[in-house]
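One gets my numbering by counting positions in the sequence shown from 1 and adding 14 to each.
Virtual Cβ for every residue (Gly too), placed ideally from N, Cα, C.
Only a predicted model underlies this, so the values are computations on that prediction, with no experimental measurement involved.
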Amino acid sequence: MELDPIGGGPAPIIVDADAAPRECLRIIDELAAEFGREVITVASIHHRIDRPNHRVVGDEPQATDLAVINLTRPGTIVVTQDQGLAALVLAKGAAAIAPHGEIFRDDRMDAMLEERNILARWRRSGGRTKGPSPRSKADNLRFAANLRSLLEPQ
């Protein structure tokens with residue numbers, strides 16, 4: 015288990031809570047308790063989240079991402095659906111997982127960011143892309159299994 019170099023205990027699980035599904039937070043809380051990890055949620059002032067260890071940030075663009083990256087240390091696990099934030103987290107020696115259960119990996123980040131850039135350009139030029147599918151029970155199971163794999167000692 016990675017220890018938090020600042021607090022000395024196990025590195026925390028940090029949640030980009032601007033778009034974290036409730037079921038995802040429930041799974042995080044269960045596994046954090048099982049593995050003795052602190053959970054820190056971060057969201058803008060536009061999201062009402064009543065939780066211990068919750069950080070509220072302003073509504074400036076990227077305010078939540080900046081707060082998350084500033085809290086991230088090696089060994090931290092960050093839950094986010096933001097691929098750009100995930101790339102920064104990985105560069106800091108932490109792990110990143112999406113709420114639908116995908117574990118972000120260094121070897122795939124360049125391709126993921128390029129695809130994100132292409133789709134953003136397409137949308138800016140008037141193109142349309144499909145949004146995310148509704149959350150399913152399979153997403154919850156995949157998220158729980160993959161978060162557990164990140165928490166278990168290697």
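The beta carbon of SER58 lies closer than 8 Å to those of ASP32, VAL70, VAL71, GLY72, ASP73, ALA77 and THR78 in the same chain, with the five residues before and after it left out. Contact check for ILE41 against PHE118 fails: the beta carbons are separated by 7 Å or more. Counting only the Cα atoms, ILE27 lies some 14 Å from GLY107. Going by C-alpha positions, HIS60 is about 15 Å away from ALA81.
Under DSSP, VAL56 forms a beta bridge with ASP30 and ARG69. Distance from the CA of ARG65 to the CA of GLU44, rounded to the nearest whole angstrom, comes to 14 Å. Looking at the DSSP output, PRO35 shares a beta bridge with no other residue. The three-state secondary structure of ILE63, taken from DSSP, is coil.
Beta-carbon to beta-carbon, ASP30 and VAL93 are separated by about 7 Å, close enough to satisfy the 8 Å threshold.
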